[in-house]
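Right, one structure below, let's go through it.
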């Protein structure tokens with residue numbers, strides 16, 4: 201009996217693992233997914249005669265028209281806009297402090313949810329009947345829009361304000377991979393004990409956070425998710441709007457889960473160049489590809505500014521997505537460490553926050569292979585996959 205149980209357990213675990221090996225086979229436009237925002241028949245009646253706060257930025261588009269402009273044209277009473285990292289128009293540098301403002305086009309009050317005020321206050325919600333959330337996520341734990349989502353839901357729950365999430369495609373939703381965050385390493389670049397690539401749309405993620413009681417004091421909000429009509433989880437999505445200034449194209453979004461680890465090292469990911477997050481390099485690395493980061497609008501003081509870096513251009517790798525394994529690629533990080541470890545300090549303190557655990561840095565320093573490191577993630581990933589299964593909409 202024990203052997204039968206073990207066989208069933210291993211078979212189930214293998215099924216969870218093997219599912220990740222199915223690569224994306226199609227490149228689609230986000231409009232192909234039938235985004236939630238465009239399905240107004242499912243949520244417009246919930247907004248009528250209500251004071252509405254909208255959490256959005258430049259990605260909140262319905263075709264060529266912004267969601268906010270569309271709602272105003274339909275006489276929906278929008279009281280204010282809450283804006284995340286990068287601001288309402290999406291032009292601020294990563295990490296730049298965003299201040300409250302007024303939108304020049306609509307005259308609406310803009311309330312920043314980045315900087316000192318990451319969570320709406322009771323006062324900011326006092327004149328609001330309902331919160332409408334529409335942000336384009338990229339499917340990685342360290343991308344801060346899901347942290348903004350959590351804090352908005354938490355504040356709404358504490359103040360008895362319903363939340364509607366308009367779902368959008370996850371461009372990296374076709375796999376689950378990476379170290380699972382350890383609670384002691386929680387921060388705004390990772391609030392929950394999930395893998396780096398978690399394989400949920402932002403609507404599904406909202407359902408998970410709510411359903412699992414992951415908000416402060418276990419509160420749950422009155423949550424409605426407006427689903428997409430034709431989302432394909434096994435596809436890569438080309439986004440209509442760049443989700444942030446340094447993720448300018450689908451190749452960068454595809455490579456982001458693997459390359460963002462370099463943000464916790466001395467290696468540049470091409471900030472300050474024309475195609476950030478499609479390349480990496482350092483003056484002391486080997487490589488045929490050469491680039492020089494420079495300071496410019498949207499690139500204030502990029503790492504290794506004005507220094508000639510050598511490394512790799514990964515655009516071609518991204519475009520071969522159908523041939524690539526559907527997982528985080530650690531080979532570039534490990535190889536760069538091995539080249540630089542005896543010359544300069546490689547990791548900085550931000551690396552642990554990005555990884556969500558100290559173990560990944562230790563494993564690389566100890567010389568473990570990529571396969572050995574990935575195998576160490578799997579037990580916790582399998583636990584997470586069982587939680588995730590409960591919240592899949594598509």
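Residue numbers (my numbering): 201 to 594.
Positions of the beta carbon are idealized from the N, C-alpha and C atoms, including for glycine.
Residue environment, residue i, which counts as buried when at least 16 other CB atoms sit within 10 Å
i: residue 268; result: buried
i: residue 304; result: exposed
i: residue 579; result: exposed
i: residue 536; result: buried
i: residue 545; result: exposed
i: residue 543; result: exposed
i: residue 407; result: buried
i: residue 592; result: exposed
i: residue 226; result: exposed
i: residue 525; result: exposed
i: residue 575; result: exposed
i: residue 341; result: buried
i: residue 265; result: exposed
Length of the line joining the Cα atoms of residue i and residue j
i: residue 588; j: residue 371; result: 17 Å
i: residue 222; j: residue 523; result: No answer about residue 222 holds up, because its pLDDT of 49 lies below 50 and its placement is not dependable.
i: residue 275; j: residue 253; result: 14 Å
i: residue 400; j: residue 344; result: 15 Å
i: residue 295; j: residue 318; result: With a pLDDT of 49 at residue 295, under the threshold of 50, the modelled position of this residue cannot be trusted; read the value that follows with caution. Computed Cα separation, rounded: 12 Å.
i: residue 260; j: residue 541; result: 43 Å
i: residue 428; j: residue 331; result: 19 Å
i: residue 174; j: residue 245; result: Given that the chain is displayed from residue 201 to residue 594, the structure contains no residue 174 and the question cannot be resolved.
i: residue 237; j: residue 553; result: 32 Å
i: residue 368; j: residue 551; result: 29 Å
Those residues which DSSP pairs with residue i across a bridge
i: residue 377; result: 397
i: residue 228; result: 437
i: residue 581; result: According to DSSP, which records beta bridges pairwise, residue 581 is partnered with nothing at all.
i: residue 447; result: 444
Best match in the options for proximity to residue i [C-alpha to C-alpha]
i: residue 473; options: 445, 401, 518; result: 445
i: residue 379; options: 573, 493, 594, 248; result: 573
i: residue 376; options: 277, 389, 433, 470; result: 433
i: residue 322; options: 476, 336, 358, 316; result: 358
i: residue 548; options: 475, 461, 469; result: 461
i: residue 235; options: 431, 563, 515; result: 431
i: residue 528; options: 512, 570, 475, 558; result: 570
i: residue 584; options: 381, 364, 266; result: 381
i: residue 516; options: 582, 478, 338, 308; result: 478
Proximity test, Cβ basis, 8 Å: residue i and chain C
i: residue 594; result: Included in the structure is just one protein chain, with no chain C present.
Reduced DSSP category for residue i - H, G, I as helix; E, B as strand; rest coil
i: residue 576; result: helix
i: residue 464; result: helix
i: residue 588; result: helix
i: residue 386; result: coil
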